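Student: Position 125 (the sequence shown) corresponds to 128 in UniProt numbering; numbering is contiguous.
All C-beta atoms in this analysis are idealised placements derived from N, C-alpha and C, irrespective of residue type, glycine included.
As the structure is a computational prediction, the values presented were derived from the model and not from experiment.
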Amino acid sequence: GTEPSPPAPANGVHTASRAAIPARHLRTDRWWLAPAGTAAGLFAFIVYSTWRAFANADYYHAPYVSPFYSPCLAENCRTMRGGPNWELFGSWWGLSPALLILIFPLGFRLTCYYYRKAYYRGFWASPPACAVAEPHKKYTGETRFPLILQNIHRYFFYFAVLVAGVLTYDTALTFRDEHYAWGHMGLGTLVFLANIVLIWAYTLSCHSCRHIVGGRLRHFSKHPVRYRLWGWVGKLNERHMLLAWSSLISVAVADFYVFLLASGAIVDPRFF
Ligand code: FES
4 GTEPSPPAPA NGVHTASRAA IPARHLRTDR WWLAPAGTAA GLFAFIVYST WRAFANADYY
64 HAPYVSPFYS PCLAENCRTM RGGPNWELFG SWWGLSPALL ILIFPLGFRL TCYYYRKAYY
124 RGFWASPPAC AVAEPHKKYT GETRFPLILQ NIHRYFFYFA VLVAGVLTYD TALTFRDEHY
184 AWGHMGLGTL VFLANIVLIW AYTLSCHSCR HIVGGRLRHF SKHPVRYRLW GWVGKLNERH
244 MLLAWSSLIS VAVADFYVFL LASGAIVDPR FF
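1. At a cut of 8 Å, does the segment 224-242 reach the segment 202-214 through at least three beta carbon pairs?
2. Give me the Cβ distance between tryptophan 203 and valine 216, rounded to the nearest whole Å; I'm assuming they're in contact under 8 Å.
3. Span of the alpha helix (DSSP H) holding alanine 101?
4. Near arginine 229, which residues of its chain fall below 7 Å by C-beta distance, leaving aside the five closest residues on each side in sequence?
5. Could you name the residues of the same chain whose beta carbon sits closer than 6 Å to that of cysteine 80, not counting the 5 residues immediately before and after it, in chain order?
6. Going by DSSP in three states, valine 256 sits in which element: helix, strand or coil?
7. On the criterion of 16 or more Cβ atoms from any shown chain inside 10 Å, does isoleucine 151 qualify as buried, or is it exposed?
8. Give, in chain order, every unbroken run of the alpha helix (DSSP H) that is at least 4 residues long and sits entirely within the segment 98-171.
9. Does the separation of the CB atoms of leucine 201 and leucine 246 fall below 9 Å?
10. What's the C-alpha gap between valine 50 and glycine 44?
11. Please find out if some non-hydrogen atom of the ligand FES comes closer than 8 Å to the beta-carbon of threonine 206.
12. Name, in chain order, the residues that DSSP records as bridge partners for valine 68.
13. In its own chain, which residues sit with a C-beta less than 7 Å from the C-beta of alanine 56, not counting the 5 before and 5 after it?
14. Can you check whether the CB of valine 68 is closer than 9 Å to the CB of residue 277?
15. Since proline 138 and proline 38 are thought to touch, with beta carbons under 8 Å apart, how far apart are those beta carbons, to the nearest angstrom?
16. For a test of your reading of the model: does the CB of arginine 242 fall under 8 Å from any non-hydrogen atom of the ligand FES? Yes or no.
17. Comparing C-alpha positions only, which one of Cys115, Asp61, Cys133 and Gly40 sits nearest to arginine 27?
18. Identify, in the order they occur along the chain, each residue of the same chain with its Cβ nearer than 7 Å to the Cβ of serine 211, setting aside the five sequence neighbours on each side.
19. Mind checking who alanine 77 pairs with in its DSSP beta bridge?
20. Find out if the Cβ-Cβ distance for the pair alanine 243, tyrosine 122 is shorter than 9 Å.
21. So which of Ser253, Leu36, Ala136 and Ser73 has the shortest CA-CA distance to arginine 21?
22. Relative to the C-alpha of lysine 140, which candidate in Gly97, Phe274 and Thr18 has its C-alpha closest?
23. Could you pull out every residue in the same chain whose Cβ sits closer than 6 Å to the Cβ of phenylalanine 107, ignoring the five residues on either side in sequence?
24. Since proline 74 and leucine 176 are thought to touch, with beta carbons under 8 Å apart, how far apart are those beta carbons, to the nearest angstrom?
25. Arginine 179 by DSSP, collapsed to three states: which one?
26. DSSP has tryptophan 54 in a bridge; who is on the other side?
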């Protein structure tokens, strides 16, 4: 006779409700490519942004301020006249001023629905890909501490809007020259414009934004304005992953451009 199989665990990937196949999964394509690429991309950004956030140098070159350091909230800021530089933190703050502000965009992205999917797959293999069972014994989703804290995403959204507002102001300031005279443009202005468009597109394509704009309505017909806005946000929302990546890259490029200028590696080509 056959041995009775051990009782299926109540939780995890080998539960009774799963098909009893010996193979770990039946996918034959290179399913690991997407999570591996995602992990590599996120890791590269983490390394780059950690270096830049702790550098506490080369983040300002008139009229450009790195998006990693804006708004600059400490007395030790080396930013511009008339720029977003509010000295809420006095001389006792000796660390990089980026550390005071990056928590907001970082928290927004860490709790973002797309990035959650990206790093759950890329770093935790939970699950690694569609129809590929995860290696973990237990799965409780986001129903327990600490992952239940992902729910604060909607509040990070409001901070992200504020930060995007400040970066919009920074972008407006790039229409000045190094003597703060208005009506000028350089290559950096274009870099900043591209970045702010992508930052806004990513922020407004947020799932929480979509719910804030069009959620909890019984009748769209009674809320034509919100219905229309919801439609627009929905169109952006379809591209949320693309916008998450392109704005992540553009913010790093804008920061790197300021770094190159401030460290003297390049000179900003001026158009007028
Ligand atoms: Fe991605 Fe809100 S869901 S930013």
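Tutor: Reading from the atomic positions:
1. yes
2. With a Cβ gap of about 14 Å, tryptophan 203 and valine 216 do not count as contacting.
3. 101-104
4. Val216, Gly217 and Leu220
5. Asn88 and Pro100
6. Helix, per DSSP.
7. Exposed, by the Cβ-count rule.
8. 101-104, 106-113 and 116-125
9. yes
10. 10 Å
11. Judged by the Cβ position, threonine 206 qualifies as a neighbour of the ligand FES at the 8 Å threshold, a heavy atom of the ligand being closer than this.
12. Tyr63
13. Phe71, Ser99, Ala101, Leu102 and Leu105
14. For residue 277 there is no data in the structure shown, the boundaries of the chain being 4 and 275.
15. Their Cβ separation, rounded to whole angstroms, is 13 Å, which puts proline 138 and proline 38 out of contact at 8 Å.
16. no
17. Cys133
18. His156, Arg157 and Phe160
19. Phe92
20. Before going on, a small fix: residue 243 reads as histidine here, not alanine. No; because the gap between Cβ atoms is not below 9 Å, this pair is not in contact.
21. When only C-alpha atoms are compared, the closest one is Ala136.
22. Thr18
23. Only Phe162 and Val166 meet the Cβ criterion.
24. Wrong, their Cβ atoms sit about 12 Å apart, outside the cutoff.
25. strand
26. Answer is none; tryptophan 54 lacks a bridge partner.
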